[in-house]
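To keep things clear, I will list the structure first and then write my remarks on it.
There are 2 protein chains.
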Amino acid sequence: MDAAEFRKRGKEMVDYVADYLEKIDKRQVFPDVEPGYLRPLIPDCAPQDPESFEDVFKDIEKIIMPGVTHWHSPYFFAYFPAASSFPALLADMLCGGIGCVGFSWAASPACTELETVMMDWLGKMISLPEEFLAGKDGQGGGVIQGSASEATLVSLLAARTKTIRRVQSEKPELTEADIMGRLVAYASDQFCATLGTTPSCSFDKLLELGPICNKENIWMHIDAAYAGSAFICPEFRHLLNGVEFADSFNFNPHKWLLVNFDCSAMWVKKRSDLTGAFKLEPLYLQHQHHESGLVTDYRHWQIPLGRRFRSLKLWFVLRMYGVRGLQEHIRKHIRLSHQFEDLVLQDERFEICAEVVLGLVCFRLKGSNELNKELLKSINEAKKIHLVPCHLREKFVLRFAICSRTVESTHVTFAWQHISQLATDLLKAWEQNNHQQHQQ
Amino acid sequence: MDAAEFRKRGKEMVDYVADYLEKIDKRQVFPDVEPGYLRPLIPDCAPQDPESFEDVFKDIEKIIMPGVTHWHSPYFFAYFPAASSFPALLADMLCGGIGCVGFSWAASPACTELETVMMDWLGKMISLPEEFLAGKDGQGGGVIQGSASEATLVSLLAARTKTIRRVQSEKPELTEADIMGRLVAYASDQFCATLGTTPSCSFDKLLELGPICNKENIWMHIDAAYAGSAFICPEFRHLLNGVEFADSFNFNPHKWLLVNFDCSAMWVKKRSDLTGAFKLEPLYLQHQHHESGLVTDYRHWQIPLGRRFRSLKLWFVLRMYGVRGLQEHIRKHIRLSHQFEDLVLQDERFEICAEVVLGLVCFRLKGSNELNKELLKSINEAKKIHLVPCHLREKFVLRFAICSRTVESTHVTFAWQHISQLATDLLKAWEQNNHQQHQQ
Chain A
1 MDAAEFRKRG KEMVDYVADY LEKIDKRQVF PDVEPGYLRP LIPDCAPQDP ESFEDVFKDI
61 EKIIMPGVTH WHSPYFFAYF PAASSFPALL ADMLCGGIGC VGFSWAASPA CTELETVMMD
121 WLGKMISLPE EFLAGKDGQG GGVIQGSASE ATLVSLLAAR TKTIRRVQSE KPELTEADIM
181 GRLVAYASDQ FCATLGTTPS CSFDKLLELG PICNKENIWM HIDAAYAGSA FICPEFRHLL
241 NGVEFADSFN FNPHKWLLVN FDCSAMWVKK RSDLTGAFKL EPLYLQHQHH ESGLVTDYRH
301 WQIPLGRRFR SLKLWFVLRM YGVRGLQEHI RKHIRLSHQF EDLVLQDERF EICAEVVLGL
361 VCFRLKGSNE LNKELLKSIN EAKKIHLVPC HLREKFVLRF AICSRTVEST HVTFAWQHIS
421 QLATDLLKAW EQNNHQQHQQ
Chain B
1001 MDAAEFRKRG KEMVDYVADY LEKIDKRQVF PDVEPGYLRP LIPDCAPQDP ESFEDVFKDI
1061 EKIIMPGVTH WHSPYFFAYF PAASSFPALL ADMLCGGIGC VGFSWAASPA CTELETVMMD
1121 WLGKMISLPE EFLAGKDGQG GGVIQGSASE ATLVSLLAAR TKTIRRVQSE KPELTEADIM
1181 GRLVAYASDQ FCATLGTTPS CSFDKLLELG PICNKENIWM HIDAAYAGSA FICPEFRHLL
1241 NGVEFADSFN FNPHKWLLVN FDCSAMWVKK RSDLTGAFKL EPLYLQHQHH ESGLVTDYRH
1301 WQIPLGRRFR SLKLWFVLRM YGVRGLQEHI RKHIRLSHQF EDLVLQDERF EICAEVVLGL
1361 VCFRLKGSNE LNKELLKSIN EAKKIHLVPC HLREKFVLRF AICSRTVEST HVTFAWQHIS
1421 QLATDLLKAW EQNNHQQHQQ
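Residue numbers (this note's numbering), protein chains in the order written: chain A, 1 to 440; chain B, 1001 to 1440.
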């Protein structure tokens, strides 16, 4: 395929993606396929000779789409949102076209420098303390990781290296292995200090944890993967109070800030803590400026060596939505979750299981876990909407997460009416069942 | 931005990317900017109100492009290739549009199943032993990681978990920390067993290492990040002999197989070694089939939880090039590296520093490291081509890597004439300098 054909096919693909997203509400949100559906549909091995774009293209609807869970359907209320927006898609096209691998400043200066400045923009949007920003000569700064898991791992490894070095300087007789065996990482069952846990979107008390960590010389990492995006709204920023005690902080614009996966934003107060743990300097990666202190070489801030030009997505989204546009998006989602909460509260058969703070509602039928498992089963088998469950203190709970960029009040109303009807059917069947068992 | 505007802007972006790649040889391969160039060009913080696409678009040429190192220029001979092709760009557009997060089978069955089958296709293309393939009921299988670093880390963690469990079963009195402190990872200064090292593309002797690892119960991981793509050509497959002794194997189609970053292909013989180390089963990620043994949940195979639909890129590229098309690409690159090697060998002032096996030529001026540093400096300051150096046994060496998909014989000839002329100028200046010093 040459550039001329790419112009033609690229435009067809733009239309296909636009069609897909515009009419996604017409597709069944969860697929009908069974495990192993795909293998029999395609050949055993790659073709020897090239196939045409048409051949590949027609297989998208035939082979791929029947097995897709439509995360951007307004009827998708599972997990947490996966961000998606048109400006981010455009930026990713540009990122692919440039195709640079930004492991060092010299490998593409724009790739590194835009990332540093975008992370400052984003940090300012959530009023992160100045110490976390790079500015012109700050000690801190931000980096885009692939996922919150990677951000947590990077923090853990940096904390470990820092602690080992501190202990070694105090007790030079200890080996690294001696020290390693005595290190402790404190975590709840959601791991590190978390703002907005996945099961119920609950919040750790940073103002209690933070001073203890600082006093005891414990690295404090805060994960706000989902909730972090809400801190761009002043009315939710108080949830981040205490971040000033942290060494590192992370949230995922690829969850809730309309930046397509992957874009996990991580900040540290001391960039030297990361570069101290990960620095890698083979000759082929050194460049004119690498020891000048003037440049950032992001490979020292992460596990992988290679990295894409992901800051373009942030740049496009932040500019084309503006802070106000993004705040509107967050506020709409939170409004819709409260709408759903109100509907649940008006129905005496149901209970709300955790405070609704952001875009997630945890709810269940009053009654047994079995009953609620049956309800979820009937919801997900009907495939009109899609939900996943969680456990909260031994209780089996249904999670209703506001996810899609295009979800509106009508979709929430529909979802509730549907759930409510399925609950009515289910309770009737259970009653009949109980009645019959009683008679026997 | 709505779908209608995306249709318009998306097509403009397709044209921009096509223009960029079509005329990339007209751009200076390495940028002129100095560290910190970008920050003064853009505002201090994100705009409150939305900006138009036009505003953002015009800043691409104004702010971004002046700071881009053009990895796909036919004058780029640095590092190793970063793969790029039009089919892969199209697939990435589709991947962004679908925007699923495939951490489990249920999160998008097509995302998981296409990946498993594509990894089988790719494994067959390089004649990997059957044990590494998933097939319908194999014990092994492949997974797409983000980078070779992640593949290596995943192998290391899986090996560690496996070894700790084995030792614990033999000596239950030992704690995990006791065992951990005694574990040893064997590696050369390029780390694990490597096929095609970055400095000089040299090859470890798998047929010697492998039997020792197997006998001593040592996990053997083979990294062929760059070289692996060449094994699709029968005449280079022998370089992979010995892979049958390995537990895990990895190479990067995103380097040399025309699949845009990121796509790092990793296979294991026993998938249970990975899932044993990484299994994570909160209720909200469980699904109808998760314990059936019928499905793959790829989150157990990697560090991150989230993952994009990256197998689409492989599917598009393998089908639209065909095995023959990809073999042609590899063979062209290797032919061009030998062309450059011949040119170097014809000039008595130069020497070749490592056997030219694939697409990399390591060469230098006969003489001091200082002289060669000066030569590289004059090459990279002229900015007509771009190279990076390496160290080989204390010697400062220049690496000439065939990188761009569109590089041709004429570009290699131009590059050599340019290097040769700069060497002539440099040697003349050094002689004059020596002469003057001698006279003083």
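Every residue gets a Cβ at the ideal spot worked out from N, C-alpha and C, and that includes glycine.
Quick check: what's the CA-CA separation for residue i versus residue j?
i, j, result
"A:R165", "A:L156", "14 Å"
"A:R237", "A:A227", "10 Å"
"B:L1209", "A:R308", "35 Å"
"B:R1009", "B:D1002", "10 Å"
"A:L207", "A:C362", "26 Å"
"A:V397", "A:E374", "12 Å"
"A:E442", "A:S229", "Coverage of chain A is limited to positions 1 through 440, which leaves residue 442 of chain A absent and any answer about it impossible."
"A:N441", "A:L90", "An answer regarding residue 441 of chain A cannot be provided, because it is not within the stretch 1 to 440 covered by chain A."
"A:L280", "A:S104", "11 Å"
"B:H1418", "A:H333", "59 Å"
"B:C1353", "B:I1144", "34 Å"
"B:F1077", "B:K1383", "12 Å"
"A:S378", "A:L422", "7 Å"
"A:H300", "A:V101", "14 Å"
"A:D92", "B:G1096", "8 Å"
"A:I126", "A:A415", "32 Å"
"B:Y1020", "A:R310", "19 Å"
"B:E1005", "B:F1053", "9 Å"
"A:K270", "A:Q139", "5 Å"
"B:S1202", "B:H1338", "16 Å"
"A:Q168", "A:A148", "30 Å"
"A:N250", "A:C192", "11 Å"
"A:L318", "A:V68", "29 Å"
"A:R160", "B:Q1190", "24 Å"
"A:I64", "A:V14", "17 Å"
Applying the 10 Å Cβ sphere with the 16-neighbour rule, what's the burial state of residue i?
i, result
"B:G1197", "A small fix is needed here, since residue 1197 of chain B is Thr in this sequence, not Gly. Buried: at least 16 other Cβ atoms inside 10 Å."
"B:N1434", "exposed"
"A:E115", "buried"
"A:E216", "exposed"
"B:V1407", "buried"
"B:Y1321", "buried"
"B:A1107", "buried"
"A:N241", "exposed"
"A:Q302", "buried"
"A:P31", "buried"
"B:A1401", "buried"
"A:Y186", "exposed"
"A:T152", "buried"
"B:E1130", "exposed"
"B:V1184", "exposed"
"A:G293", "exposed"
If I'm right that residue i touches residue j with Cβ under 8 Å, what's the distance once you round it to whole angstroms?
i, j, result
"B:Y1079", "B:V1388", "6 Å"
"A:L195", "A:A177", "Not really, about 35 Å apart at Cβ, beyond 8 Å."
"A:G325", "B:P1050", "5 Å"
"A:M266", "A:G142", "7 Å"
"A:P411", "A:Y75", "The sequence given here has His at residue 411 of chain A, not Pro. Between A:Y75 and A:H411 the Cβ distance is about 6 Å, and since that is below 8 Å, they are a contact."
"A:C390", "A:S200", "7 Å"
"B:K1366", "B:F1340", "Actually they are not in contact, since the Cβ atoms of B:K1366 and B:F1340 sit about 17 Å apart, beyond 8 Å."
"A:K162", "A:G306", "Contact doesn't hold; Cβ gap of about 26 Å is too wide."
"A:R39", "B:K1255", "At roughly 28 Å, the Cβ-Cβ gap does not stay under 8 Å, so A:R39 and B:K1255 are not in contact."
"B:L1376", "B:W1430", "So it is not a contact: roughly 14 Å between Cβ atoms."
Beta strand (DSSP E) segments (min. 3 residues) lying fully within the segment 180 to 241 of chain A: Within the segment 180 to 241 of chain A, the runs of beta strand (DSSP E) that reach at least 3 residues and sit entirely inside it are, in chain order, 221 to 223.
Three CB pairs or more closer than 8 Å across the segment 1282 to 1294 of chain B and the segment 1253 to 1271 of chain B: no
Inside the segment 1262 to 1328 of chain B only - alpha helix (DSSP H) runs reaching at least 4 residues: Annotation note: the segment 1262 to 1328 of chain B contains the following uninterrupted alpha helix (DSSP H) runs of length 4 or greater, listed N- to C-terminal: 1271 to 1278.
Contiguous alpha helix (DSSP H) assignments of at least 4 residues, all confined to the segment 6 to 61 of chain A: 53 to 59
Given 8 Å, three or more beta-carbon pairs between the segment 1331 to 1346 of chain B and the segment 67 to 87 of chain A: Per the Cβ contact rule, the segment 1331 to 1346 of chain B is not in contact with the segment 67 to 87 of chain A (fewer than 3 Cβ pairs under 8 Å).
Entirely enclosed beta strand (DSSP E) segments - the segment 345 to 415 of chain A, minimum 3 residues: List check, beta strand (DSSP E) in window: 350 to 352, 360 to 365, 388 to 392, 395 to 401.
Stretch-stretch touch, CB-based, cutoff 8 Å, three pairs: the segment 313 to 328 of chain A with the segment 114 to 132 of chain A: yes
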